[in-house]
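If you're matching them up, the sequences are chains A, Z, G and U in order.
Using this note's numbering, the first residue of the first sequence is number 6, and each one after it goes up by one.
Using this note's numbering, the first residue of the second sequence is number 6, and each one after it goes up by one.
Using this note's numbering, the first residue of the third sequence is number 812, and each one after it goes up by one.
Using this note's numbering, the first residue of the fourth sequence is number 812, and each one after it goes up by one.
Note that CB positions come from ideal geometry on N, CA and C, so glycine has one too.
Report on one structure; see the data block that follows.
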Amino acid sequence: MEINILIGGAAGQGMETIMNLLGKTLVREGFGLIYTKDYMSRVRGGHNFSRLRIAPGTPWSTVESVDILVALNEETYNLHRDNLTPSGRVIYDPQLFSIPENENRGIPVELQKLAEEAGGKVMANTVAVGALLVLIGLETPTVEELLKDTFAGKEGVAGKNITALKAGYDAAARFCSACFDLPPKNEDGKKLFIDGNQVLGMAAMSSGCRFLSAYPMTPSTGIMNYLAGKSPDYPVIVEQAEDEIAAINMALGASYTGVRSMTCTSGGGFSLMVEGVSLAGMIETPIVVVVAMRPGPATGLPTRTEQADLEFILHSGHGEFPRAVLSATSHEDAFYRLNKAFELADRYQTPIFFLSDQNFADTHRSVEPYDFSRLGYNRQLAEEGSLEKPYQRYRITDNGISPRALPGQFENEVVLVDSDEHDEKGNIIEDAATRRAMVEKRMRKLDSLAEEMDEPDLYGDPHPEVLLIGWGSTYGVIREAVDALIALGTKTAMLHFSDLWPLPQKRLRSLLAEVENSYCVENNAGGQLSALIRRESGLSIGGLILKYDGRPFLSREIVEEVQDDL
Amino acid sequence: MEINILIGGAAGQGMETIMNLLGKTLVREGFGLIYTKDYMSRVRGGHNFSRLRIAPGTPWSTVESVDILVALNEETYNLHRDNLTPSGRVIYDPQLFSIPENENRGIPVELQKLAEEAGGKVMANTVAVGALLVLIGLETPTVEELLKDTFAGKEGVAGKNITALKAGYDAAARFCSACFDLPPKNEDGKKLFIDGNQVLGMAAMSSGCRFLSAYPMTPSTGIMNYLAGKSPDYPVIVEQAEDEIAAINMALGASYTGVRSMTCTSGGGFSLMVEGVSLAGMIETPIVVVVAMRPGPATGLPTRTEQADLEFILHSGHGEFPRAVLSATSHEDAFYRLNKAFELADRYQTPIFFLSDQNFADTHRSVEPYDFSRLGYNRQLAEEGSLEKPYQRYRITDNGISPRALPGQFENEVVLVDSDEHDEKGNIIEDAATRRAMVEKRMRKLDSLAEEMDEPDLYGDPHPEVLLIGWGSTYGVIREAVDALIALGTKTAMLHFSDLWPLPQKRLRSLLAEVENSYCVENNAGGQLSALIRRESGLSIGGLILKYDGRPFLSREIVEEVQDDL
Amino acid sequence: MTCKAEHYIIGETAWCPGCGNFAIREALAGALAEHCLESHQVLLVSGIGQAAKIPHYIRVNGFNGLHGRALSPAVGARVANHNLKVIVESGDGDSYGEGGNHFIHNIRRNPDIAHFVHDNQVYGLTKGQASPTSDPGMVTGVQVEGVTVSPLNPLSLALVMGAGFVARCFSGEKEHLKETMKEAINFSGYALIDILQPCPSFNKVNTRGWYKKRVYFPEIEDPRDWSAAMDLSRQWGEQIPLGIFYNNPHRTFEESRAALEGEPLSFRPFDPQEMSGLQEEFL
Amino acid sequence: MTCKAEHYIIGETAWCPGCGNFAIREALAGALAEHCLESHQVLLVSGIGQAAKIPHYIRVNGFNGLHGRALSPAVGARVANHNLKVIVESGDGDSYGEGGNHFIHNIRRNPDIAHFVHDNQVYGLTKGQASPTSDPGMVTGVQVEGVTVSPLNPLSLALVMGAGFVARCFSGEKEHLKETMKEAINFSGYALIDILQPCPSFNKVNTRGWYKKRVYFPEIEDPRDWSAAMDLSRQWGEQIPLGIFYNNPHRTFEESRAALEGEPLSFRPFDPQEMSGLQEEFL
Ligand SMILES: Cc1ncc(C[n+]2csc(CCOP(=O)(O)OP(=O)(O)O)c2C)c(N)n1
Ligand SMILES: Cc1ncc(C[n+]2csc(CCOP(=O)(O)OP(=O)(O)O)c2C)c(N)n1
Ligand code: SF4
Ligand code: SF4
Ligand SMILES: [Mg+2]
Ligand SMILES: [Mg+2]
């Protein structure tokens, strides 16, 4: 009752086009799905592939087994054939390579040739989509509609693509038609087909972010592309900085002057930003920093995934100052949570981090449309009536938060911020008493910030014998592992952190007191959340389930590790 | 039986000259002393002062009370008069301000006028030294000798200074001669009079460091000055980089190519180096990074002290890789420990951090000459005979350490390093298996690295009821607090870490099991060592004694906090 | 307000007696006064160094940021509120050394910012190391055998990067400095004034007298003649020209962004609910 | 060894078919071969990008470091072992964008390094954003309304910073490229070749044909004439000159450091005990 499709080929062969067309079609038809990418750090050649899983509800992760393999080159066939299910089929172009007939699973479709006949090689991908459709028993009208949307105004192009689509459909129909059963549709209304970077880009736009300064870096660049794409139509400025140092400092200048600002990068670029992070802490200027993690150290594996920058980000920047660290756990949650990051930044006037990773950034899922009324836009700026004059940017207050005015906001009042230690007015000081007062003022913000943190998500058996603890993009895969373990008879629950710092500890403490077998499941080699929990609570997590080969977890792997250990 | 001298004035008035002259004279005479600086981040004006404490043995810290106050301006007198001991005296220039005669402690010396008479205003400092000498009952020959050494080749200048010196001596002699008792001399041979930065500079030179690339930043610049001063006479290159990013990358290039290399900076500059740190971890290239901490965040208090970058440095750089963190605890130890840093860097081919702070960097003490035979210079390079060919820079080995060859070292063998994940040869890879193997290879180095860490120094009562735990430059002041608490009847001990990461835990575990009252004493607001201990061992330290106003601890403060708490 | 220079002068400075910074501050106060700019409508951005302390000594909005990073927040400020007059003021080390990359790339961006560099040819605050503009041969605690690298010529560099306004002043010619500042502030786009500034504490080579003897005001026939400006900018040594070598505006960063037309972004209202149309493309 | 170009060519590249990088690699191999440089005596340093993958495709020592930071380790390498021939090769984004500050300041330093920039006027590896040299108007996923900033002219910039060797080549003129590389490698001091390189995947403006139509070899009368070089370097558009615009060596970084005379530092013996005299000054 689920279908798993894998499309593979060399970089530049257009796997994305196929998946986007197919994915969107399926979502429009009402199916729940997830689509993940595995690609190399190169522009052409190599071996890239994508997986699409269509399953009841909305699947949380993809799996290894393949029902339909679209092999755009022979390498793909050789690398993935062993994962084909017994009834699995392979769509391939017989002009490129051949599959032994006795294997009886090949569906030869002359992708290139049919495309050329339809009007051009580039449409080979559309041909492939046609072939895929017939295999899963869908008609073409939704795709046709989509093609018309996509090529609106270019009717010729749309028409040629429709021809190509049908050619693929007909060619594959000769071998099998509807030979895979689609799962039931979700009948509860329209869904979005969206990837993680797009979720974050849209969340930033909808949170009133008006300035993104960044430097391209995989896997964060999609956020930049999203916002840049909106800039002709909305009052948002996207500036490609000369380097990441400029990126964060520009954003801080814009934030100080009054707009919600953000920067995004990956670990290496973030390394260049940490001085600016420390500046934000000192001048108490809001900033949202999205870090889309990838495997390090250094350049590492640029297009792959890891969760190894948690501790780095938690302690990034010299000196001590308050911060919050949130993370992207699911497409559903991340939209609202990035808004929360903007809200916290304005409320606490300090850097707020939002951790994503390649696994989240590049994964499309079908999700419920978002409820924009849940978004906040509370700038927490000083107001004329209540402003004490002369204005003091760093007035010492009980909760450590000073009234924030903008340059130019009030007649005759100036706003002074300084990276040196300063007095309430913002002027440089060196005396011990003021220094002490300012450190304490800043650090006091942590008290109320801690109250804002959401407890981790609890899912699964209410009285578990096994507890799986995770954070960030592993939400879905751990959740599926919990389901699988429960199905296998192991009472299992998951505790999954979206808000990581200040670390919310209530659920953790009460659960760990009860559960015998606890594991941190992390996409890193050090078990960083586990260390953080120990540092903060003194509590030890029993075991670590780690993966650090640049690939996301498969739920099977988690299940097996738990079973081996029990 | 001790004398405490404080000299204060505006920046640019030459307090350093006085203290250097006096300090060195006293050390040559056989007295044990410590000399600390409290100065502002400016070039002229403001209020700066230095303290010199002469006490039996070699004192570990300075104290607040003042026996002799040299007030180069009235502000100094006003700020420090209340700390004068009942028998305290004030040397001042009556042309600048006056002290009520009834206070009966003024020693008016016309510093400016006498200096001009001797041949020039600049010698006012020498006049002051003369005055100081007579108060503590020392004759002038040692200073005269020193002046001749200093102005070797410029006899006129030396002569004028000697005249100035004597004028000061005579002027003060009219008020009091030997009115303070010097403590007994140390009779065990000559001592060095040296500050922390000089200790580190000399240690680097003596460890065979041949390249320092750095960008000026207080309080680390003294190291750069030291090495630059040697560069005309020794094969060492000091390069002022255009920024800290260049500094660490240049050092890495030199290290890769074959010389021991180092960089030094403070927190803000280090923030710009963390990307390079991650690179060093990935390309497995030795580098020693000295971070002289000062209060942050951002520019903070540039000329003051703090220990707030421990956690930042521990987790600095994106991704996961092995590192070691050592620290400067005393002038005696730091010399050998920086050599250890170089040895570890070469042995483990990874970044090694050495934490200093302003308190250590700018403090002079009288110390035993160093034993250079204790220094190591083991480059751990591949040797012709044992080299497997073709050479593989990242050969997978049991302990994770690969044979290291230099470019150009072996005919026809090339050395390839890469910031991307790579195979044994150094070439970019993307497959999961090689990635896993390389992560594990690198992380395996941590096992043997952990064995290299020295357990923390244990001092004080063998069965303590109070345990003070510290790290870095607080060694001396905590030690004096231990002595004081023991003298007050509290069985106290100190556990002081020089090597911080991988955290040595044996002593800690055994002591914490026994001692009821444990405190971490740290110059920061967060209790970072305490958190690190909890993270690593799960053990909680009972209390925190923290100071984060930019000033070093006074032992009195530690004693009081313990007493208040007990 | 009364538009008097004194209005802008605040704070006790941490500068050394005899330093050229004082005259630069006065010229700036004079320029602000003569343009009659209100304090809350001006933003002064700086980095770190002796010169960079200036936001504490001039009564306008101030952003005293990181060493080398003065230009970047200034550009951000122009994005958020293009009604503010934004002036960047910092040292030569800050602007051309640590901040070199932002210097060259912001000239390309051409934001409407006046950039006043206190060029004392030395790192003042960190006690006298060579700066990018130090003359060859200068001996310091780090350059113990004298500076060996070629000095960076900020004016030629700005010209080559396409700056529209390039000037050299001298703190000892205060009136000229003030007038030049006024023009730079009114210039549409990035305007650089490299200000020769004696540092009596650390620069014993390029003293006030040294500059005084050398500076002169060349006749500048056509301030839009790039080659002539380049030639002038390359004069150094016995004769050091002062003046606006180049003055030729082109499209600014702000003009190239449609979103910056009208009300400053900082003060525009916003309601998240109005953004719900964004998800349509994903349906 | 036999000094054949093939000796240096290794590895399967990750470049796109039709990319200018291939010709650059061949020219480099040819230049190394014709100078008959042994693999272990050459060091190739790069940053990150498509071009920067070259150390994996040429059989010499290789340091494939961080994005933007190729020049810095190269200078360090020259300190440690000045017998190595050090070549830096990287992309335009790497060299002039992220690495801009090192570019300008290392020209001032003048280390004996040949710097070959694969200038495809685009960020290749990150999929086609504008680079500092992108022509105005170029539309990308980030520059959705076209590049608005002025392009950085690497040759003029190098000249203004005092580079002694400044050349432009085109990957489509491989023989000329190889010969120029040979001269740059032999040049004493910092030598820049900005190499026009078509990127068929992302740069649809400056294609091979586009360059082909425009490049020409001007007569260069006196390669020590700075102004003439500057004029040439500023030509762009219908006519794009190739050649060594400037060739005028001056004192190198290495020559200014006495410690670098003789045996490379890397291979000099050292004994800590011989350093004990250092403490005498503190006695
Ligand atoms: C990242 C960083 N590196 C180094 C420093 C130390 N630092 C402060 S000011 C300065 C140099 C200042 O020189 P310049 O900009 O010419 O200003 P001046 O003091 O001469 O006016 C340096 C190196 C710092 N604050 N931050
Ligand atoms: C600090 C940092 N920022 C960003 C990146 C991402 N990145 C990798 S290559 C590249 C641009 C490459 O452009 P260029 O140097 O022109 O090389 P090309 O790919 O065009 O040959 C970028 C932005 C990175 N690796 N490191
Ligand atoms: S150090 Fe030099 S530039 Fe700085 S205030 Fe003093 S004299 Fe002026
Ligand atoms: S992306 Fe462009 S520059 Fe890079 S290899 Fe492909 S064609 Fe060449
Ligand atoms: Mg300066
Ligand atoms: Mg490029």
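Worksheet item: Relative to the C-alpha of N912 (chain U), which residue among U:H878, U:K896, U:L895, U:A891 is closest?
Response: In the fourth sequence, residue 912 (chain U) corresponds to position 101, counting from 1. Comparing Cα positions, the closest option is U:H878.
Worksheet item: Which residues of chain Z have a Cβ atom closer than 7 Å to the Cβ of I859 (chain G), listed in chain order?
Response: Residue 859 (chain G) sits at position 48 when you count from the first residue of the third sequence. Under the 7 Å cutoff, chain Z gives T304.
Discussion item. Check for me: the alpha helix (DSSP H) holding V139 (chain A) runs from which residue to which?
Written reply: Along the first sequence, read from residue 1 onward, the residue named residue 139 (chain A) stands at position 134. That run of the alpha helix (DSSP H) goes 129-140.
Worksheet item: Just checking my contact of G948 (chain G) with G957 (chain G) at CB under 8 Å: how many whole Å lie between their CB atoms?
Response: On the third sequence, residue 948 (chain G) is found 137 positions in, with the first residue counted as 1. On the third sequence, residue 957 (chain G) is found 146 positions in, with the first residue counted as 1. With a Cβ gap of about 4 Å, G948 (chain G) and G957 (chain G) count as contacting.
Discussion item. Using the three-state DSSP reduction, which class does N1058 (chain G) fall into: helix, strand or coil?
Written reply: Numbered from its first residue, the third sequence carries residue 1058 (chain G) at position 247. Three-state result, N1058 (chain G): strand.
Worksheet entry | Continuous alpha helix (DSSP H) stretch holding F275 (chain Z): start and end | Here the question's residue 275 (chain Z) lines up with position 270 in the second sequence. It spans 272-276 - the alpha helix (DSSP H) in which F275 (chain Z) sits, taken as one unbroken run.
Discussion item. For a cutoff of 7 Å on Cβ pairs, would you count M45 (chain A) as touching chain Z?
Written reply: Position 40 of the first sequence, counted from the start, is the residue given in the question as residue 45 (chain A). Closer than 7 Å to some Cβ of chain Z, the Cβ of M45 (chain A) qualifies, so yes.
Fill in: Unbroken stretches of the beta strand (DSSP E), 3 residues or longer, contained in the segment 277-359 of chain Z
292-298, 329-332
Discussion item. DSSP has S371 (chain Z) in a bridge; who is on the other side?
Written reply: Locating residue 371 (chain Z) in the second sequence gives position 366, counting from the first residue. According to DSSP, S371 (chain Z) bridges with Z:F198.
Item to complete: Measure from the alpha carbon of S1012 (chain G) to the alpha carbon of each residue in G:A978, G:T951, G:V977, G:F1064, then state which is nearest.
Response: For the purposes of this step, residue 1012 (chain G) is taken as residue 201 along the third sequence, with counting starting at 1. That would be G:T951, whose Cα lies nearest to the Cα of S1012 (chain G).
Worksheet entry | Contacts that G633 (chain A) makes with chain U (C-beta to C-beta distance below 7 Å) | Residue 633 (chain A) is absent from the model: chain A starts at 6 and stops at 571.
Item to complete: Work out the CA separation of I434 (chain Z) and D428 (chain Z) for me, nearest whole Å.
Response: Counting from one through the second sequence, the residue named residue 428 (chain Z) turns up at place 423. Counting from one through the second sequence, the residue named residue 434 (chain Z) turns up at place 429. D428 (chain Z) and I434 (chain Z): Cα-Cα distance of roughly 6 Å.
Practice prompt. Would you be able to state if there are at least three C-beta pairs under 8 Å between the segment 287-298 of chain A and the segment 354-369 of chain A?
Written response: yes
Discussion item. Here's the rule I'm using: 16 or more other beta-carbon atoms within 10 Å means buried, otherwise exposed. How should T1063 (chain G) be labelled?
Written reply: If you number the third sequence from 1, residue 1063 (chain G) lands on position 252. Flag for T1063 (chain G) reads buried.
Practice prompt. Provide the residue(s) that pair with G50 (chain A) in DSSP beta bridges, ordered along the chain.
Written response: On the first sequence, residue 50 (chain A) is found 45 positions in, with the first residue counted as 1. According to DSSP, which records beta bridges pairwise, G50 (chain A) is partnered with A:A16.
Worksheet item: Taking 6 Å as the line, does the beta carbon of S560 (chain A) fall inside it for any heavy atom of ligand 6?
Response: Here residue 560 (chain A) refers to the residue found at position 555 when the first sequence is read from its first residue. No, Cβ of S560 (chain A) sits at least 6 Å from all heavy atoms of ligand 6.
Worksheet item: What are the complete beta strand (DSSP E) segments, minimum 3 residues, inside the segment 33-96 of chain Z?
Response: 38-43, 50-59, 71-76
Worksheet item: Thinking C-alpha only, which one of Z:N83, Z:T226, Z:P374, Z:D459 is nearest G194 (chain Z)?
Response: Residue mapping note: residue 194 (chain Z) aligns to position 189 of the second sequence, counting from 1. Comparing Cα positions, the closest option is Z:P374.
Worksheet item: Relative to chain G, which residues along the segment 372-390 of chain A have a C-beta separation below 8 Å, given in chain order?
Response: P374, Y375, F377, S378, L380, G381, Y382
Discussion item. Let me confirm a value: N997 (chain G) is counted as buried when at least 16 other C-beta atoms fall within 10 Å, else exposed. Which label applies?
Written reply: On the third sequence, position 186 is the one that residue 997 (chain G) refers to. Exposed, because fewer than 16 other Cβ atoms sit within 10 Å of the Cβ of N997 (chain G).
Worksheet entry | Rounded straight-line distance, which links the Cα of D554 (chain Z) to that of L1003 (chain U) | Counting from 1 along the fourth sequence, the entry for residue 1003 (chain U) is found at position 192. Counting from 1 along the second sequence, the entry for residue 554 (chain Z) is found at position 549. Spanning the two alpha carbons is a distance of roughly 50 Å.
Worksheet item: Mind checking whether L1045 (chain G) and S967 (chain G) have CB atoms under 7 Å apart?
Response: Numbered from 1 along the third sequence, position 234 holds the residue referred to as residue 1045 (chain G). Numbered from 1 along the third sequence, position 156 holds the residue referred to as residue 967 (chain G). The sequence shown places Arg at residue 1045 (chain G), rather than the Leu named in the question. A contact, by the Cβ cut-off of 7 Å.
Practice prompt. Starting from P1052 (chain G), follow its DSSP beta bridges and name the residues at the other end.
Written response: Along the third sequence, one-based indexing puts residue 1052 (chain G) at 241. Beta-bridge pairing links P1052 (chain G) to G:Y1027.
Worksheet item: Do you know how far the Cα of T41 (chain Z) is from the Cα of L486 (chain Z)?
Response: One-based indexing of the second sequence puts residue 486 (chain Z) at position 481. One-based indexing of the second sequence puts residue 41 (chain Z) at position 36. First, the amino acid is wrong: residue 486 (chain Z) is Ala here, not Leu. C-alpha separation (whole angstroms): 18 Å.
Discussion item. So that I know if they touch, is there some Cβ in chain A lying closer than 7 Å to that of R540 (chain Z)?
Written reply: Locating residue 540 (chain Z) in the second sequence gives position 535, where the first residue counts as 1. R540 (chain Z) counts as touching chain A.
Fill in: Burial state of C814 (chain U), where buried means 16 or more other Cβ atoms lie within 10 Å
Counted from its first residue, the fourth sequence places residue 814 (chain U) at position 3. The residue is exposed, with fewer than 16 neighbouring Cβ atoms inside 10 Å.
Worksheet entry | Beta-carbon separation (whole angstroms), D248 (chain A) vs G227 (chain A), contact threshold 8 Å | Position 243 of the first sequence holds residue 248 (chain A). Position 222 of the first sequence holds residue 227 (chain A). D248 (chain A) to G227 (chain A), Cβ: 20 Å. No contact.
Discussion item. Closer than 6 Å to a non-hydrogen atom of ligand 2 - does that hold for the CB of M222 (chain A)?
Written reply: Walking along the first sequence from the start, residue 222 (chain A) turns up at place 217. True, at least one ligand heavy atom lies under 6 Å from that Cβ.
Practice prompt. Out of U:E1074, U:L895, U:A1070, U:G841, point me to the one whose CA is closest to I869 (chain U)'s CA.
Written response: Translated into positions along the fourth sequence, residue 869 (chain U) becomes position 58. Closest option to I869 (chain U), Cα to Cα, is U:G841.
Fill in: Contiguous alpha helix (DSSP H) assignments of at least 4 residues, all confined to the segment 361-409 of chain A
363-366
Practice prompt. Counting only the same chain and skipping the five closest in sequence on each side, list residues whose C-beta sits under 6 Å from that of D43 (chain Z).
Written response: Counted from its first residue, the second sequence places residue 43 (chain Z) at position 38. Cβ within range, chain order: F54.
Discussion item. Nearest by alpha-carbon distance to P461 (chain Z): which of Z:L473, Z:H468, Z:V134, Z:W65 is it?
Written reply: What you label residue 461 (chain Z) is simply residue 456 of the second sequence in a count that begins at 1. Checking every option, the nearest Cα to that of P461 (chain Z) belongs to Z:L473.
Discussion item. Here's the rule I'm using: 16 or more other beta-carbon atoms within 10 Å means buried, otherwise exposed. How should P237 (chain Z) be labelled?
Written reply: On the second sequence, position 232 is the one that residue 237 (chain Z) refers to. Exposed.
Worksheet item: With Q861 (chain G) and L936 (chain G) assumed to form a contact (beta carbons below 8 Å), what rounded beta-carbon distance in angstroms separates them?
Response: Against the third sequence, residue 861 (chain G) aligns to sequence position 50. Against the third sequence, residue 936 (chain G) aligns to sequence position 125. At roughly 5 Å, the Cβ-Cβ gap stays under 8 Å, so Q861 (chain G) and L936 (chain G) are in contact.
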